[in-house]
Amino acid sequence: VAVLPNVSSARDEAITLLQRQALPDGHAQRRAGQGREFEALKDYQPGMGRRMIDWKRSARHGRLLAREFRIEENNNIVLAIDSGRLMCEPVGGVPKVDRAVTAALLSAFIALKGGDMVSLFGFDARPRVSSGAVRGSASFAMIQKRAAEIDYSTEETNFTLALTTLAARLDRRSLVIIFTDFVDPISAELMLRTVGRLTERHLVLFMMMKDVELETLADMPPDAPEDVARSVVAGGLLRERQVVIGRLRLLGAHVIEADHQRLGPALVERYLELKREDLL
10 VAVLPNVSSA RDEAITLLQR QALPDGHAQR RAGQGREFEA LKDYQPGMGR
60 RMIDWKRSAR HGRLLAREFR IEENNNIVLA IDSGRLMCEP VGGVPKVDRA
110 VTAALLSAFI ALKGGDMVSL FGFDARPRVS SGAVRGSASF AMIQKRAAEI
160 DYSTEETNFT LALTTLAARL DRRSLVIIFT DFVDPISAEL MLRTVGRLTE
210 RHLVLFMMMK DVELETLADM PPDAPEDVAR SVVAGGLLRE RQVVIGRLRL
260 LGAHVIEADH QRLGPALVER YLELKREDLL
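Residue numbers (my numbering): 10 to 289.
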């Protein structure tokens, strides 16, 4: 059974987030920030970075002036969704992959509206879905259609094959957003090796859902000896998970571990932050 994306929910949430970010007309690229294209000079305000100050013009005018830049458009955003066995386990009563697809659609809607290019890549034991890069708000329907092709899988995820295939298809620096999950450092070892090569050229962001069930078991006061055993095992798994996250960050990847209900908003907030800081 194919995953059916919750499009209306993604659209509504995207509009709310755009309004909260105060992006005029919903176009992120119209915000002045620290992008590459020089736009104007304005009076320096507390909170602006010192590197924005134009010292020569400030001396000429007798007051501090800051350079404003137009935030760059046309960045390449890749939404890579793992639909392997672990991602098909439920969290909050809904399979993780369904929540990942909804979060991906939310970010795709905003990225397309903001002038960036978006592509979708689905994988489990092998690559399954690849949309190619599209741009413009009208292309959202195509991304939605390809997202519906991402199916539940009982197979283990092959990160080496998937990420190597994806990297070979990218002909320019991209923001690669990977929705996935893992259990321990051993199962994640091959993924880590491949990610190290991917981060050499691209900005990589891992999106993961907090394991609330494990956190609950680890923190639960024991009433019986078996409760102690469960708590110890759960705590050990959580520590191993943090080891993998730490190694990902050492490789240069960004990692967001969000509550399942905050996955989409957390991604959008980080995407807009990276865009404003000219890191894409």
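All C-beta atoms in this analysis are idealised placements derived from N, C-alpha and C, irrespective of residue type, glycine included.
Remember, predicted model here, so these are calculated numbers, not experimental data.
What residue range does the beta strand (DSSP E) around residue i cover?
i, result
"LEU257", "That residue, LEU257, is in no beta strand (DSSP E); its alpha helix (DSSP H) goes 234-259."
"LEU288", "That residue, LEU288, is in no beta strand (DSSP E); it is neither H nor E in DSSP."
"LEU73", "Note, LEU73: premise wrong, no beta strand (DSSP E); not H, not E."
"PHE188", "184-188"
"ALA215", "Residue 215 is actually Phe in this sequence, not Ala. Its beta strand (DSSP E) spans residues 212-218."
Could you say which of the options lies nearest to residue i if we only look at CA atoms?
i, options, result
"PRO99", "PRO274, ILE86 and GLN270", "GLN270"
"ALA75", "VAL204, GLY255 and TYR53", "TYR53"
"LEU212", "GLY145, ARG108, ASP125 and VAL87", "VAL87"
"ARG155", "LEU179, ALA147, PHE130 and ASN167", "PHE130"
"LEU259", "ASP268, LEU276, SER116 and GLU209", "GLU209"
"GLY141", "ALA150, ALA147 and MET126", "MET126"
"LEU289", "VAL253, GLY124 and ALA238", "GLY124"
"ALA117", "ASP232, ALA150, ASP107 and ASP287", "ALA150"
"SER146", "GLY93, ILE119, LEU281 and GLY244", "ILE119"
"LEU170", "ASP180, LEU199, GLN153 and ARG144", "LEU199"
"ALA275", "ARG144, THR111 and LEU207", "THR111"
"ASP268", "ARG206, GLU224 and ILE152", "GLU224"
"ASP180", "GLY93, SER128 and ASP287", "SER128"
"LEU272", "THR25, GLU249 and LYS105", "LYS105"
"ALA89", "ILE152, PRO55 and ARG59", "ILE152"
Could you tell me whether the Cβ atoms of residue i and residue j are closer together than 8 Å?
i, j, result
"ALA227", "LEU201", "no"
"MET229", "GLU266", "no"
"ILE159", "VAL138", "yes"
"ILE62", "LEU73", "yes"
"LEU214", "ARG256", "no"
"ALA113", "VAL204", "no"
"PHE168", "ALA109", "no"
"LEU115", "GLU22", "yes"
"PHE132", "ASP91", "yes"
"ASN85", "SER183", "yes"
"VAL3", "ALA197", "Residue 3 is absent from the structure shown; the chain starts at 10 and stops at 289."
"PRO231", "SER240", "yes"
Mind checking which residues open and close the alpha helix (DSSP H) that includes residue i?
i, result
"MET151", "149-156"
"VAL221", "221-228"
"GLU266", "From DSSP, GLU266 is part of no alpha helix (DSSP H) but of the beta strand (DSSP E) over 263-267."
"ILE195", "194-207"
"SER67", "64-70"
Check the Cβ-Cβ distances between residue i and every residue of chain B, and say whether any is below 8 Å.
i, result
"ASN84", "No chain B appears in the structure shown, which is made up of a single protein chain."
- Pick out the complete alpha helix (DSSP H) segments inside the region 90-177, 4 residues or longer, and give them in chain order. If only complete runs of 4 or more residues are kept, the region 90-177 shows the alpha helix (DSSP H) at 105-122 and 149-156, in order along the chain.
- Message: Quick test of the definition: if touching needs 3 or more C-beta pairs under 8 Å, does the region 146-165 touch the region 179-194?
- Response: Using a Cβ-Cβ distance cut-off of 8 Å, the region 146-165 and the region 179-194 are not in contact, since fewer than three pairs of beta carbons, one from each stretch, lie closer than that value.
- Message: So, does the region 100-116 touch the region 210-225, judging by three or more C-beta pairs under 8 Å?
- Response: Inter-segment contact for the region 100-116 and the region 210-225 is present: three or more beta-carbon pairs are separated by less than 8 Å.
- Item | Stretch-stretch touch, CB-based, cutoff 8 Å, three pairs: the region 166-184 with the region 133-152 | Taking 8 Å as the limit for Cβ pairs, the verdict is that the region 133-152 does touch the region 166-184.
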